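Protein chains: 2
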Amino acid sequence: MTISTITNQLRRSGYKLTPQRLAIINVISSTHDHLTPHAIYERVKREYPAIGLVTVYRVLDMLTKLELLCRVHAENRCRSYLMRRPTGHHHHIVCSKCGKVVDFNKCNLERLQKIISRATGFEIKGHLLEFDGLCRECSHKI
Amino acid sequence: MTISTITNQLRRSGYKLTPQRLAIINVISSTHDHLTPHAIYERVKREYPAIGLVTVYRVLDMLTKLELLCRVHAENRCRSYLMRRPTGHHHHIVCSKCGKVVDFNKCNLERLQKIISRATGFEIKGHLLEFDGLCRECSHKI
DNA sequence: ATATTTGCAAAAGGTTTGCAAGACG
DNA sequence: CGTCTTGCAAACCTTTTGCAAATAT
């Protein structure tokens, strides 16, 4: 997901491309860690010091509506965001030390889902799956 | 997990058994829906009108430390609680209409975990898995 | 030119903390 | 009794809203 893909999508959806929005998108795109709104705000300030925290929230809402963001649930940080990298169904594996996130898509939960559905009588609509642990770098520098 | 199991555990851990605590435990035990702190507060008030919301928060912290509670992540309600029913490793399937939760424990994620670990280099420590959908009752009364 | 967007200030929620009064054991 | 617990008030933190000024198209 390149910056221009994102900005094109903005324009196509009728949003204006302001320097604030660009700065926020830059920050979120530049890393694959999950960031809280406040962390995004802090990083954007380096590049665009006049930014308001409110604008960050508004841009996050906008990008969420456009389905360009993912949310990560790990470790009580349920509102932390990540630029969506693969477009389809996928999951995250999150480093609990540095926050880095890697995506994967082959979850093979269909079989389990069928078993659970049959056992519980639920009509299953979706699932939430995340792994957490230490990334290669963090697990080596103990 | 019966009430007396819980209260015994409280005493064993040196906590006092106050009527407020009992009322809160009663409310959480009486349902297997996931409840927010405020929802718990509202329900406890019916039985014990003088209860303070602060006390609810404190008892939730206490029960969490004793590992008697589970948290549910579904639908942006990341701080909503549930009395822990099975003692070991388990997961939840949550009804998105009525909030009812059913537990299951056979997740069989070991194989997937190994594959993901090999592919990403992560040392995987745990996982978060939840299903959501409609329970039998809610899926019938559409 | 005009509708959108921004940033401030303030409101609104949710959660935590300090403290004096009250209650369990 | 002494210590733990409660509830109030207030602090705190996060998120949302109202509004006038600024701006992208």
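Top to bottom, those sequences are chains A and B.
Just so you know, we're using my numbering here: the first sequence kicks off at 2 and counts up by one.
Just so you know, we're using my numbering here: the second sequence kicks off at 2 and counts up by one.
Note that beta-carbon positions come from the ideal geometry of N, C-alpha and C, so glycine has one too.
In this text, all values refer to a predicted model and were calculated from it rather than measured experimentally.
- With 16 or more other Cβ atoms inside 10 Å of its own Cβ, K101 of chain A counts as buried.
- Among the residues of chain B, those whose CB is under 7 Å from the CB of E131 of chain A are H128, L129, following chain order.
- Measuring C-alpha to C-alpha distances from D62 of chain B to each of B:E43, B:L83, B:R78 identifies B:L83 as the nearest.
- Taken in chain order, the unbroken stretches of beta strand (DSSP E) that lie wholly in the stretch 12 to 96 of chain B and span 3 residues or more are 70 to 73, 81 to 84, 92 to 96.
- At least one C-beta of chain A is nearer than 8 Å to the C-beta of C136 of chain B.
- In the structure shown, L113 of chain B adopts helical secondary structure according to DSSP, grouped into three states.
- When only Cα atoms are considered, Y49 of chain A and T56 of chain A end up about 12 Å apart.
- Residue pairing by DSSP puts F132 of chain A in a beta bridge opposite A:I94, B:H128.
- Between the alpha carbons of V45 of chain A and E138 of chain A lies a distance of about 26 Å.
- In the pairwise beta carbon analysis, the stretch 95 to 113 of chain A is classified as not touching the stretch 86 to 101 of chain B: fewer than three pairs are separated by under 8 Å.
- Rounded to the nearest whole angstrom, the C-alpha separation of L69 of chain A and S31 of chain A is 14 Å.
- For H74 of chain B, the nearest CB of chain A lies under 8 Å from its own CB, placing it at the interface with that chain.
- Beyond the five residues adjoining it in sequence on each side, C136 of chain A comes within less than 8 Å, by CB distance, of C96, K98, C99, K101, V103 in the same chain, given in chain order.
- Residues of the same chain with a CB within less than 6 Å of the CB of T37 of chain B, apart from the 5 flanking positions on each side, are S81 in chain order.
- Annotation: Cβ neighbours of I94 of chain B in chain A (cutoff 8 Å, chain order): I117, T121, F123, I125.
- Here the alpha carbons of R119 of chain B and E111 of chain A stand approximately 22 Å from one another.
- A distance of 8 Å or more separates the beta carbons of L64 of chain B and S14 of chain B.
- Taking 8 Å as the upper bound for CB-CB distance, F132 of chain A and I117 of chain B are in contact here, some 6 Å apart.
- Following the DSSP letters along the chain, one finds F105 of chain B inside the beta strand (DSSP E) bounded by residues 102 to 105.
- In the three-state reduction of the DSSP assignment, T8 of chain B falls in the helix class, which pools H, G and I.
- Inclusion of C79 of chain B and H74 of chain A in the CB contact set at 8 Å is warranted, their separation being smaller than that value.
- Take R22 of chain A, set aside five residues on each side of it, and the residues of its chain with a beta-carbon closer than 6 Å to its own are V60, in chain order.
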